[in-house]
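In our numbering, the protein residues as written are 46 to 643. Beta carbons are placed, not taken as given, at the ideal position from N, Cα and C, and that holds for glycine. Only a predicted model underlies this, so the values are computations on that prediction, with no experimental measurement involved. Since the structure comes first, as structure tokens, the remarks are kept for the end.
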């Protein structure tokens with residue numbers, strides 16, 4: 046077999062193997078994550094981890110008792126091989142697509158291989174490698190996804206809610222897993238004296254006093270971190286993060302905080318109180334987003350402007366080109382990955398010598414950073430969980446930061462719940478701006494238009510903007526107006542060459558929305574995942590310092606894979622549109638620079 050045929054066979058096998066293995070009943074693993082945060086970083090000794098995939102266990106979920114966990118549960122078992130030794134994992138739960146177990150505390154640090162088995166059949170086609178670390182804490186969220194409101198209770202064990210928030214000075218208890226190894230067996234009740242050192246809690250950007258950090262008395266592998274709620278900040282979406290070992294930062298969740306006897310409030314740019322009340326009552330909410338700005342940031346927000354590139358490239362190649370391939374071509378062109386470009390074009394019969402100026406020009410136009418667009422999306426959120434997972438990371442209290450892993454699916458799927466659906470606002474919307482009028486054709490609740498290129502920066506020109514529609518089956522007639530009265534400028538950008546993640550970082554700016562808010566952001570691509578940092582500040586402040594614990598939650602990356610930005614907060618301008626409970630008109634202008642994170 047030639048080298049080319051070998052790699053072709055390997056690629057085919059990688060596509061068909063999962064389906065074949067599923068038919069044969071062999072377990073297949075797609076990822077291994079911390080059971081609380083769903084982070085796919087290192088797994089801590091003694092932590093509960095979750096294996097995602099299929100053919101991992103029975104069709105129905107089976108859970109073990111809290112202690113005395115078995116090494117085999119409903120036919121499922123997991124072994125960890127580190128060096129020349131193999132360790133059996135105490136099983137917590139099992140199902141067809143998701144299995145949880147405890148990584149034995151005596152597993153050596155470093156690289157290890159995980160092997161699940163079901164009904165005597167072991168996963169063997171692809172080895173699953175994990176990294177065993179001393180500590181890597183994950184905080185449970187109420188949604189069970191590691192996002193949104195955290196599973197944080199008071200000293201009485203009651204989880205904090207909007208109606209019963211934490212108060213400054215209270216002791217709150219965050220539940221999670223991953224503090225580290227214990228002695229005496231992972232499935233036995235813990236000794237009361239076991240406490241973990243070097244545990245730090247941050248509420249908003251403020252350090253909190255840690256009261257205790259140890260294994261929970263309720264369940265094997267679970268940890269509890271008790272801390273005193275600081276005096277500030279307050280709000281319904283105050284970020285909480287926990288750092289262990291001085292270096293490893295957990296996922297970020299939110300905690301409602303308010304003065305004693307009062308419900309929490311949601312100051313701008315937060316969600317309006319009536320919307321939150323409706324969500325708390327279990328009502329379905331109709332939500333939307335209108336946006337203008339550079340195409341690359343509209344795409345980052347979840348919109349796709351690939352169809353125009355599909356039409357242009359298909360005409361140049363004299364054959365239809367798939368939209369998914371166009372998106373890959375744009376990404377490869379922006380990242381200067383010539384080999385990837387050639388591989389994709391070769392699918393359409395284009396050899397390297399056939400890549401002419403017209404094709405390069407079309408790719409440059411499609412991938413260009415000087416194009417701007419207008420977009421809108423309308424859909425439903427079936428619960429408060431849906432709503433806060435979509436919006437909470439961007440509406441955290443002013444003066445605080447959040448770090449999240451980007452799903453890339455904000456619009457057009459505003460809700461992932463079974464009740465979620467797109468909303469019809471008519472066949473076409475109309476955009477009006479300083480440079481004229483454009484039609485915004487719609488499909489499945491998503492409307493968009495290219496406004497052209499040649500813009501000098503990633504900021505929209507000063508002026509008046511409007512998006513209007515005559516109405517549809519779900520959304521009534523509307524005109525939403527946005528005034529861009531001045532341009533936000535990042536004033537100390539030229540003084541920065543890289544980001545030291547172990548040190549605080551201060552950014553300064555001028556301009557921005559009058560009486561509004563600024564979003565200081567970062568995006569870092571790592572292992573096919575984009576990690577986002579979002580910090581909120583009032584425009585008039587003119588400066589903001591990002592704490593070191595926030596920056597250290599981002600992965601290291603070179604300048605080709607990361608950027609830092611300052612821009613108007615996308616939720617500074619709420620709108621009123623018939624048929625919608627919540628809608629914003631976002632100015633996605635941004636002053637940004639590619640930046641190494643070290």
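Do residue 519 and residue 593 have their beta-carbon atoms positioned less than 8 Å apart in this structure? Along the chain shown, read from residue 1 onward, the residue named residue 593 stands at position 548. Along the chain shown, read from residue 1 onward, the residue named residue 519 stands at position 474. No. Outside cutoff.
Exercise. How is the beta strand (DSSP E) around residue 570 delimited, first residue to last?
Worked result: In the chain shown, the residue the question calls residue 570 occupies position 525. Unbroken beta strand (DSSP E) run through residue 570: 562-571.
Worksheet item: Going by Cα to Cα distance, which pick from 127, 142, 115, 120 is closest to residue 134?
Response: Within the chain shown, residue 134 is the residue found at index 89, counting from 1. Per the Cα distances, 115.
Q) Closest by CA to residue 10, which one among 409, 407, 376, 366? A) The shown model of the chain, from 46 to 643, leaves out residue 10, and the question about it has no answer.
- Query: Would DSSP call residue 67 helix, strand or coil?
  - Reply: The residue you call residue 67 lines up with position 22 of the chain shown. Residue placement at residue 67 cannot be trusted, given a pLDDT of 45 that sits under 50; the coordinates are not used to answer.
**Message:** In chain order, what are the residue ranges of uninterrupted alpha helix (DSSP H) at least 4 long that sit wholly in the segment 282-352?
**Reply:** 318-325, 340-345
Exercise for the section: Can you tell me which of 138, 126, 170 puts its alpha carbon nearest to the alpha carbon of residue 155? Expected result: Stepping through the chain shown from its first residue, residue 155 is reached at position 110. It is 126 whose Cα lies nearest to the Cα of residue 155.
Report task. Between the Cα of residue 103 and those of 386, 97, 142, spot the shortest distance and give me the residue it belongs to. Result -> On the chain shown, position 58 is the one that residue 103 refers to. Comparing Cα positions, the closest option is 142.
* Compute the Euclidean distance between the alpha carbons of residue 331 and residue 287, then round it to the nearest angstrom. => Here residue 331 refers to the residue found at position 286 of the chain shown. Here residue 287 refers to the residue found at position 242 of the chain shown. About 34 Å.
Q | Coil, strand or helix - residue 392 by DSSP | A | On the chain shown, position 347 is the one that residue 392 refers to. Here residue 392 sits in coil by DSSP.
Quiz item: Is it true that the segment 251-262 meets the segment 302-315, where meeting means three or more beta-carbon pairs spaced less than 8 Å apart?
Solution: no
| request: For the alpha helix (DSSP H) holding residue 374, just list the boundary residues, first then last. | output: Translated into positions along the chain shown, residue 374 becomes position 329. That run of the alpha helix (DSSP H) goes 368-379.
| said: Here's the rule: buried if 16 or more other CB atoms are within 10 angstroms of the residue's CB, otherwise exposed. What is residue 161? | reply: The count along the chain shown starts at 1 and reaches residue 161 at position 116. Buried: at least 16 other Cβ atoms inside 10 Å.
query = By Cβ distance, which residues of its chain are closer than 6 Å to residue 289, with the 5 residues on each side in sequence left out?
reply = Stepping through the chain shown from its first residue, residue 289 is reached at position 244. 180, 182, 244.
- [ ] Could you please give me the residues that DSSP links to residue 110 through a beta bridge?
- [x] Start at 1 with the first residue of the chain shown, and residue 110 comes out as number 65. Answer is none; residue 110 lacks a bridge partner.
According to the Cβ coordinates, are residue 95 and residue 80 closer than 8 Å?
Sequence index remark: in the chain shown, residue 95 carries index 50 (1-based). Sequence index remark: in the chain shown, residue 80 carries index 35 (1-based). Cβ atoms of residue 95 and residue 80: closer than 8 Å.
Item to complete: Taking only the alpha-carbon atoms, compute the straight-line gap between residue 97 and residue 139 and give it to the nearest angstrom.
Response: Here residue 97 is taken as the residue at index 52 of the chain shown, counted from 1. Here residue 139 is taken as the residue at index 94 of the chain shown, counted from 1. Cα to Cα, the separation comes out at about 10 Å.
Item to check | Segment contact flag, the segment 240-254 with the segment 272-288, C-beta cutoff 8 Å, min 3 pairs | outcome: yes
Below 8 Å on the Cβ atoms is my guess for residue 550 versus residue 636; work out the distance and round it to an integer in Å. Reading the chain shown from its first residue, position 505 is the one you call residue 550. Reading the chain shown from its first residue, position 591 is the one you call residue 636. Their Cβ separation, rounded to whole angstroms, is 15 Å, which puts residue 550 and residue 636 out of contact at 8 Å.
On the premise that residue 617 lies in contact with residue 561, defined as a C-beta separation below 8 Å, what is that separation, rounded to the nearest angstrom?
Taking the chain shown and counting its residues from 1, the one referred to as residue 561 is at position 516. Taking the chain shown and counting its residues from 1, the one referred to as residue 617 is at position 572. Contact holds; Cβ gap of about 4 Å.
* Asked: CB-CB under 6 Å to residue 218, same chain, minus the five flanking residues each way: which ones, in chain order?
  -> The count along the chain shown starts at 1 and reaches residue 218 at position 173. Same-chain partners within the cutoff: 198, 269, 271.
*asked:* What ranges does the beta strand (DSSP E) occupy inside the segment 458-520, keeping only unbroken runs of at least 3 residues that lie completely in it?
replied: 473-478, 481-488, 491-497, 508-514
- request: Can you tell me which of the three DSSP states residue 247 falls into?
  value: For this step, residue 247 is matched to residue 202 along the chain shown. DSSP places residue 247 in strand when its eight states are reduced to three.
Consult DSSP for residue 620 and reduce its assignment to one of helix, strand or coil. Counting from 1 along the chain shown, the entry for residue 620 is found at position 575. In the structure shown, residue 620 sits in coil (DSSP, three-state: anything other than H, G, I, E or B).
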